[in-house]
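Every number in our numbering is 7 more than the matching position in the sequence shown, counting from 1. Ideal Cβ placement from N, Cα and C applies to all residues, glycine included. Working notes for the structure below.
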Amino acid sequence: MRHSTAILLRVSLPFALGYLLSYLFRVVNAVIAPELVRDLALHPSDLGLLTAAYFFAFAAFQLPLGVLLDRFGPRRVEALLLVVAGAGALLFAHGETLFALVVGRALIGLGVSACLMAAFKAFALWHPPERLPLVNGIQTAAGGLGALLATAPVEGALRLVDWRLLFTGLGGATLLAALLLYLLVPEPPLTTQPLPLRQQFAGVRQVFASPAFWRLTPWTVASQAAFLSLQGLWAGPWLREVVGLRRETAAGILMATAASMVAGFLLWGAVAARAPRHGLRPLTVATFGLGLFIAVQLAILLVGRDYPLICWTLFGFCGTAGILPYALFSQAFPAALAGRVNTGLNVLVFFAAFAAQWGIGALIDAWLASGNGHTLAGAYQLAFAILVGLQVAGGIWYLLAGRLRSTD
Numbered sequence: 008m009r010h011s012t013a014i015l016l017r018v019s020l021p022f023a024l025g026y027l028l029s030y031l032f033r034v035v036n037a038v039i040a041p042e043l044v045r046d047l048a049l050h051p052s053d054l055g056l057l058t059a060a061y062f063f064a065f066a067a068f069q070l071p072l073g074v075l076l077d078r079f080g081p082r083r084v085e086a087l088l089l090v091v092a093g094a095g096a097l098l099f100a101h102g103e104t105l106f107a108l109v110v111g112r113a114l115i116g117l118g119v120s121a122c123l124m125a126a127f128k129a130f131a132l133w134h135p136p137e138r139l140p141l142v143n144g145i146q147t148a149a150g151g152l153g154a155l156l157a158t159a160p161v162e163g164a165l166r167l168v169d170w171r172l173l174f175t176g177l178g179g180a181t182l183l184a185a186l187l188l189y190l191l192v193p194e195p196p197l198t199t200q201p202l203p204l205r206q207q208f209a210g211v212r213q214v215f216a217s218p219a220f221w222r223l224t225p226w227t228v229a230s231q232a233a234f235l236s237l238q239g240l241w242a243g244p245w246l247r248e249v250v251g252l253r254r255e256t257a258a259g260i261l262m263a264t265a266a267s268m269v270a271g272f273l274l275w276g277a278v279a280a281r282a283p284r285h286g287l288r289p290l291t292v293a294t295f296g297l298g299l300f301i302a303v304q305l306a307i308l309l310v311g312r313d314y315p316l317i318c319w320t321l322f323g324f325c326g327t328a329g330i331l332p333y334a335l336f337s338q339a340f341p342a343a344l345a346g347r348v349n350t351g352l353n354v355l356v357f358f359a360a361f362a363a364q365w366g367i368g369a370l371i372d373a374w375l376a377s378g379n380g381h382t383l384a385g386a387y388q389l390a391f392a393i394l395v396g397l398q399v400a401g402g403i404w405y406l407l408a409g410r411l412r413s414t415d
């Protein structure tokens, strides 16, 4: 019975619903940004801070999250956190000030911070190893579906309701997801005692002290910060305000970006898994993907206004190559540290995404305020170029660190 279809559904589907909502919340502001700007008289820096608050709270809770999952289990932890996310969505829906919406958005980020890690932990407890690729695939596909729903479907919904009613509905759906998860997911038997708190944080320090961790981390963090900050917000305003596309057309391109992201999640992992059969290391696949993502962003800078659909579809596909280093880091450290390696990387990635998403808005404000004929298009060009420059610097560091290690 333990590994029956009933268990598959009871364990996998509630967590998949939570992750769907998590990704929908993450990227929905790219579509509703015009309404937020209009109703609250937001500047670009305000919009960046408002949206990036999700990433800040998400990142800040990653280290405590691992301890809580070990001590109380994924079912109880995620159910409680989804209640927090639902409350945050309701606060966001009814807030009248920028501060209220920032707090609501931060509560959403905090509340969905366990949606992936809790699921993976639950799957490992309830499913045999041979079933994990299937259930992990269901989980990531659910996130992709959430990203898809946050584009053209949300744009269509805004013709019928305003963004406040939309978020009220999302808040209700999140509270329902919390209830379903708590009631449906069975409680696994306790097989091991969790590590003492001091020992868990000692493992995190061990990861951060490792030169192997810091060789690829700067490039990975810069790449994922660019991907998350642009897909989650600034791609939408760029398409509408710089290219001049109608809202429906821009939402359609964002939907294509999300669809290609789902394809990227599936295909990059498959290619990396099969690479050794052809004499290639998974690390080679990862760095090739990170380099290809830089090339796509350069294409957006140079010809993106002429070919937005092609460029942003490639952006969605190539941006997901940044997930490959997570598996590489897990393999490079002892199995007991695998969770803390990925948690440590997650903290850096999401804090960087917060800085990038808010920083782009602040740069746009400063660029336009300086006068001298500075245009909105020029502000976006500069912001995107800085993101590319940081990734190039990360790639150069990766190459130099490799040479230094080879001469030791």
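Own chain residues within Cβ distance below 8 Å of residue i, not counting five before or after
i	result
A263	L316, W319, T320 and G323
L165	V38, I39, E42 and L173
L123	Y26, S29, Q146 and G150
F310	According to the sequence as given, residue 310 is Val; it is not Phe. Answer for V310: C318, listed in chain order.
H381	W374 and L375
L335	L223, P289, L290 and A293
T227	L297, G329, P332, L352, V356 and G401
L24	A149, A184, L187 and L188
F127	N143 and Q146
Assigned exposure category for residue i - 16 Cβ within 10 Å defines buried
i	result
A48	exposed
S267	buried
I39	buried
R9	Legend: pLDDT at R9 = 46, less than 50; position of this residue unreliable, no value from coordinates given.
N353	buried
S19	buried
Q338	exposed
L167	exposed
R33	buried
I403	exposed
H134	buried
E255	exposed
E194	exposed
G80	buried
G93	buried
P218	exposed
T104	exposed
N36	buried
T12	exposed
F361	buried
P244	buried
G378	exposed
G286	exposed
Own chain partners of residue i with C-beta closer than 6 Å, once the 5 adjacent residues on each side are dropped
i	result
L191	R17 and P21
L108	L57, F99 and G102
W241	I367
F340	V348
G153	L27, Y30 and L31
L397	A229
F68	L117 and S120
Where the alpha helix (DSSP H) through residue i begins and ends
i	result
T12	T12 to V34
W241	Taken as a continuous stretch (DSSP letters only), W241 belongs to no alpha helix (DSSP H), as it is neither H nor E.
E194	No alpha helix (DSSP H) holds E194; DSSP gives it neither H nor E.
A216	Here A216 belongs to no alpha helix (DSSP H), and DSSP marks it neither H nor E.
F322	P315 to G326
D417	There is no way to answer for residue 417, as the model of the chain reaches only from 8 to 415.
H101	P81 to H101
N379	Neither: N379 is in no alpha helix (DSSP H) and is coded neither H nor E.
E162	A159 to A164
E248	Note, E248: premise wrong, no alpha helix (DSSP H); not H, not E.
P135	From DSSP, P135 is part of no alpha helix (DSSP H); its letter is neither H nor E.
G271	R254 to R281
S120	Premise fails: S120 is in no alpha helix (DSSP H) and is neither H nor E.
P341	Unbroken run through P341: none, as it is neither H nor E.
T104	First-last for T104: undefined, no H or E at that position.
L299	P289 to V310
Neighbourhood of residue i by C-beta, 7 Å cutoff - its chain only, sequence neighbours within 5 removed
i	result
V269	A148 and G151
L156	L31
CB contact check: residue i to chain B, cutoff 8 Å
i	result
F324	The displayed structure is made up of one protein chain only, and chain B is not part of it.
**Stretch pair the stretch 324-334 + the stretch 228-241: three plus CB contacts closer than 8 Å** = Using a Cβ-Cβ distance cut-off of 8 Å, the stretch 324-334 and the stretch 228-241 are in contact, since at least three pairs of beta carbons, one from each stretch, lie closer than that value.
**Item:** Any 3 or more C-beta pairs closer than 8 Å across the stretch 276-284 and the stretch 298-318
**Value:** Too few Cβ pairs lie closer than 8 Å, so no.
**Prompt:** If we count Cβ pairs, one from each stretch, closer than 8 Å, do we get three or more for the stretch 245-254 versus the stretch 62-71?
**Reply:** Segments in contact, no.
**Touching by the beta-carbon criterion (3+ pairs, under 8 Å), the stretch 221-232 and the stretch 104-121** = Contact annotation: the stretch 221-232 does not touch the stretch 104-121, with fewer than three C-beta pairs closer than 8 Å.
**Meets three-Cβ-pair contact criterion under 8 Å: the stretch 282-297 and the stretch 176-194** = Fewer than three pairs of CB atoms, one per stretch, sit closer than 8 Å, so the stretch 282-297 makes no contact with the stretch 176-194.
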